[in-house]
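Right, one structure below, let's go through it.
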Amino acid sequence: MKSILEGRPALEKEVGQIAEVAGYLWQNGWAERNGGNITVNITELIDDETRSLPAISEVKAIGEILPHLKGKYFYCKGTGKRMRDLARRPMENGSVIRILDDCASYVIIADNPVQPTSELPSHLAVHNRLIEKGSNYKATVHTHPIELIAMSHNKAFMGKDVLTKILWSMIPETIAFCPLGLGIAPYALPGSVELAKATLKELEEYDVVLWEKHGVFAKGLDVMDAFDQIDVLSKSAKIYLDAKCMGFEPDGMTEEQMKELSEVFHLPK
Ligand code: 2HA
Ligand code: ZN
4 MKSILEGRPA LEKEVGQIAE VAGYLWQNGW AERNGGNITV NITELIDDET RSLPAISEVK
64 AIGEILPHLK GKYFYCKGTG KRMRDLARRP MENGSVIRIL DDCASYVIIA DNPVQPTSEL
124 PSHLAVHNRL IEKGSNYKAT VHTHPIELIA MSHNKAFMGK DVLTKILWSM IPETIAFCPL
184 GLGIAPYALP GSVELAKATL KELEEYDVVL WEKHGVFAKG LDVMDAFDQI DVLSKSAKIY
244 LDAKCMGFEP DGMTEEQMKE LSEVFHLPK
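In our numbering, the protein residues as written are 4 to 272.
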């Protein structure tokens, strides 16, 4: 069977980047079994010929009306699929979907009728909001970074911007490359409306949200940008934990050092 990627270099490159990031998630130990999700808005890469491709699935309900997604196209990881498999075979472990004109349902158009992630409604709700805001962000990533999840088991870290300040102060790069910090969503059942709502709320202010005792959800300009932000935060969390393992509380950079960084890098906070 011919893949949708054949003869479409821009789409092939995009899916290649998704597969590359899926590999990093697995290599980092952040994507056990079917853990994590990736959803990317690929509408800009869809040409007229692709728009006329027939559906290869029945019409499926999203579960909510998302008015800004009419006629949009997404690459979505498949439900129950493994990141480590997606890294090697992205079109067998994910699929391309088209949102129908009712803004409440979709069809799969390629390559295989792989059912998208169980978290599709929450990922699509985030994309709906991003488009509504006129944002250039195209990717959402959910994964299970070990050290950040470990830190979320401490209630004292779950206050607003408590963890952000600790993580920023571990290494100068973190504030430079994750300048909005880390939002917090209190524990809620995976896949629940409550978790989706809390995530949407936090994403108004942050690019990355820590789901207490579960993982992170990030938005990015593209999938690599979303990954990079999770990666720098995770690096800071590792440094914090290494210092604690050596038996001391890390000093962290001083307020003055942080202020200097913010000024030099023209950071928003
Ligand atoms: O889709 O990680 O939380 C797999 C998950 C859901
Ligand atoms: Zn998860």
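For each residue, glycine too, the CB sits at the ideal point set by N, CA and C. Every value quoted in this text rests on a predicted model; they were computed, and no experiment measured them.
Where residue i sits in the DSSP three-state scheme
i      : result
ALA191 : coil
LEU133 : helix
PRO124 : helix
ALA64  : strand
GLY81  : strand
MET4   : coil
HIS156 : coil
LEU69  : coil
TRP171 : helix
PRO271 : coil
ILE49  : coil
ILE21  : helix
ASP164 : coil
LEU203 : helix
SER55  : coil
ASP225 : coil
TRP33  : coil
ASP88  : helix
SER138 : coil
THR177 : helix
ASP234 : helix
ASP245 : helix
GLY26  : helix
Residue environment, residue i, which counts as buried when at least 16 other CB atoms sit within 10 Å
i      : result
PRO148 : buried
HIS156 : exposed
HIS269 : exposed
MET154 : buried
SER125 : buried
ALA64  : exposed
LYS247 : exposed
VAL1   : Shown here, the chain extends from 4 to 272; a query on residue 1 therefore has no answer.
ALA221 : buried
ASN40  : buried
GLY250 : exposed
Distance, residue j Cα to residue i Cα
i      : j      : result
PRO182 : TRP171 : 9 Å
PRO161 : ALA113 : The amino acid at residue 161 is misidentified as Pro; the sequence shows Met. Cα to Cα, the separation comes out at about 41 Å.
GLU95  : THR177 : 35 Å
ASP254 : ILE242 : 11 Å
GLY184 : ILE169 : 10 Å
ALA240 : ILE134 : 32 Å
ASN44  : ILE233 : 19 Å
GLU263 : MET173 : 15 Å
ALA188 : VAL18  : 29 Å
LYS204 : TRP33  : 24 Å
PRO12  : GLU122 : 28 Å
ILE217 : LEU28  : Reading off the sequence, residue 217 comes out as His, not Ile. C-alpha separation (whole angstroms): 15 Å.
Identity of the residues DSSP links to residue i by a beta bridge
i      : result
ARG101 : TYR76, VAL110
ASN40  : HIS145
LEU213 : ILE187, VAL219
PRO119 : GLY81
C-beta contact flag for residue i and residue j at 8 Å
i      : j      : result
LEU89  : ALA25  : yes
ASP104 : GLY74  : yes
LEU236 : VAL211 : yes
PHE180 : ASP231 : yes
VAL99  : TYR76  : yes
ALA107 : ILE59  : no
ALA128 : ALA199 : yes
LEU151 : LEU206 : no
ARG85  : ASN37  : yes
ILE7   : THR42  : no
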